[in-house]
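Peer 1:
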Amino acid sequence: MARWLSFFAEYNFQVEYKPGRLNVVADALSRRPDYAVHKADANAIGVARTSTPSSSLLDDVRSAYTKDADAKQLLDYFAAPSDKSRQKLAKHLRARVHRYRVHNGLLLYSAVDDNADRIVVPDDHELKLRITYEYHDAPTSGHQGREKTYLLLTRDFYWSHQYKWVRKYVRACEVCQRVKPAPFSQAPLQSLPTPSECWQSISMDFVFGLPPDNKRRTGIVDSLLTDSARWYILLQYQPK
Numbered sequence: 020m021a022r023w024l025s026f027f028a029e030y031n032f033q034v035e036y037k038p039g040r041l042n043v044v045a046d047a048l049s050r051r052p053d054y055a056v057h058k059a060d061a062n063a064i065g066v067a068r069t070s071t072p073s074s075s076l077l078d079d080v081r082s083a084y085t086k087d088a089d090a091k092q093l094l095d096y097f098a099a100p101s102d103k104s105r106q107k108l109a110k111h112l113r114a115r116v117h118r119y120r121v122h123n124g125l126l127l128y129s130a131v132d133d134n135a136d137r138i139v140v141p142d143d144h145e146l147k148l149r150i151t152y153e154y155h156d157a158p159t160s161g162h163q164g165r166e167k168t169y170l171l172l173t174r175d176f177y178w179s180h181q182y183k184w185v186r187k188y189v190r191a192c193e194v195c196q197r198v199k200p201a202p203f204s205q206a207p208l209q210s211l212p213t214p215s216e217c218w219q220s221i222s223m224d225f226v227f228g229l230p231p232d233n234k235r236r237t238g239i240v241d242s243l244l245t246d247s248a249r250w251y252i253l254l255q256y257q258p259k
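For the sequence shown, the positions run 20 to 259 when the working numbering is used.
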């Protein structure tokens, strides 16, 4: 707004009201077409992302279980569940073993909040990178932010410290760093410090070229300490 006020200050104009039925040109320009109500096109083609892991990815997850100590303990337990085999589990697994189950050779984990089954991913760095790539970098994923990527990923998969993994992955994404703006928060508004004497701090108009008043004054310079200390600008420098 201040930029436009400064721009129009260079012109001497008068505002006149004109009814909309007579001001056809301006009325048409003010009606933006993107504000119009759009009707759905039955023939329109779109792309819908389906979060269904491929069979090859699931085979790689099953193969990686053999190299993960926690996954091996859980698979051995569910192969022959008993109180004795339960006691052999690690303490952190024993406390949550009721949330695991096995289906088609895959370990499934249900969270506390929704009880939805998620595929347990073993501690394999390359496998985690591959899965996260499909849910963040793929064309149908669109390089979503940390929270949306995490929500998409946790619909189908689970592993320890998953949120921390997604946060580091999104933060290190080259495309996101190059294209997306930095999330800098604005500082809160603060009042100016009160000066200790007159003319220690002043305020002035930044818009010039306004027509002078009846006393030929075109601007004001105020002391921030008191309104009684005030200078009036009577002359304006005109460059040659």
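C-beta: ideal position from N, C-alpha, C; glycine also.
From a predicted model like this one, the values you see are computed outputs, not experimental measurements.
Express the C-alpha separation of residue 135 and residue 71 in angstroms, rounding to a whole number.
Peer 2: Computed Cα separation, rounded: 15 Å.
Peer 1: When you compare only the Cα positions, how much space is there between residue 125 and residue 83?
Peer 2: Each residue's alpha carbon lies about 11 Å from the other.
Peer 1: Could you tell me the alpha carbon to alpha carbon distance between residue 183 and residue 102, rounded to whole angstroms?
Peer 2: For residue 183 and residue 102, the distance between alpha carbons rounds to 34 Å.
Peer 1: Below 8 Å on the Cβ atoms is my contact criterion, and I expect residue 94 with residue 121 to pass it. Report the Cβ-Cβ distance as a whole number of Å.
Peer 2: So it is a contact: roughly 7 Å between Cβ atoms.
Peer 1: Check for me: the alpha helix (DSSP H) holding residue 174 runs from which residue to which?
Peer 2: First-last for residue 174: undefined, no H or E at that position.
Peer 1: What is the residue span of the alpha helix (DSSP H) that residue 25 lies within?
Peer 2: 21–27 is the extent of the alpha helix (DSSP H) around residue 25.
Peer 1: Which residues bound the beta strand (DSSP E) around residue 136?
Peer 2: Run containing residue 136: 136–139, per the beta strand (DSSP E) assignment.
Peer 1: I need the straight-line Cα distance from residue 87 to residue 80, nearest angstrom please.
Peer 2: Those two C-alpha atoms are separated by around 11 Å.
Peer 1: Which runs of the beta strand (DSSP E), 3 residues or longer, sit entirely within the region 77–160?
Peer 2: DSSP runs (the beta strand (DSSP E)) wholly in the region 77–160: 119–122, 125–129, 136–139.
Peer 1: Under the DSSP definition of a beta bridge, which residues are partnered with residue 232?
Peer 2: Looking at the DSSP assignment, residue 232 forms no beta bridge with any residue, so it has no partner.
Peer 1: Measuring alpha carbon to alpha carbon, tell me which residue in 90, 31, 21, 22 is nearest residue 177.
Peer 2: Among 90, 31, 21, 22, the Cα nearest to that of residue 177 is on 90.
Peer 1: With contact counted as at least three CB pairs below 8 Å, one residue from each stretch, are the region 204–213 and the region 183–196 in contact?
Peer 2: Contact between the region 204–213 and the region 183–196 is absent, because fewer than three Cβ pairs lie under 8 Å.
Peer 1: Let me know the secondary structure DSSP gives residue 222 once reduced to three states.
Peer 2: The answer is strand: DSSP assigns residue 222 an E or B state.
Peer 1: At which residues does the beta strand (DSSP E) containing residue 240 begin and terminate?
Peer 2: Start and end: 238–242.
Peer 1: Please name the residue, chosen from 153, 160, 179, that lies closest to residue 143 on a Cα-to-Cα basis.
Peer 2: Cα-wise, what sits closest to residue 143 is 179.
Peer 1: Under 7 Å, do residue 229 and residue 21 count as touching if we go by C-beta distance?
Peer 2: Not a contact, by the Cβ cut-off of 7 Å.
Peer 1: Tell me whether residue 167 sits in a helix, a strand or coil according to DSSP, three-state version.
Peer 2: Helix.
Peer 1: Quick check on this structure: which residue in 232, 140, 241 has the alpha carbon closest to the alpha carbon of residue 217?
Peer 2: Ranking 232, 140, 241 by Cα distance to residue 217 puts 241 first.
Peer 1: When you compare the CB positions of residue 159 and residue 185, do they come within less than 7 Å of one another, or not?
Peer 2: No.
Peer 1: Terminal residues of the continuous alpha helix (DSSP H) containing residue 188?
Peer 2: It spans 181–190 - the alpha helix (DSSP H) in which residue 188 sits, taken as one unbroken run.
Peer 1: Check whether the Cβ atoms of residue 243 and residue 214 lie closer than 7 Å to each other.
Peer 2: Yes, these two residues count as a Cβ contact at 7 Å.
Peer 1: If you draw a straight line from the alpha carbon of residue 24 to that of residue 236, how long is it in whole angstroms?
Peer 2: C-alpha separation (whole angstroms): 19 Å.
Peer 1: Take residue 116 and list the residues in its own chain whose beta-carbon comes closer than 8 Å to its own, dropping the five residues that flank it on each side.
Peer 2: These residues qualify, in order along the chain: 93, 96, 105, 108.
Peer 1: To the nearest angstrom, how far is the alpha carbon of residue 200 from that of residue 145?
Peer 2: If you take the alpha carbons of residue 200 and residue 145, they lie about 29 Å apart.
Peer 1: Note the first and the last residue of the continuous alpha helix (DSSP H) segment covering residue 193.
Peer 2: Taken as a continuous stretch (DSSP letters only), the alpha helix (DSSP H) holding residue 193 covers 193–198.
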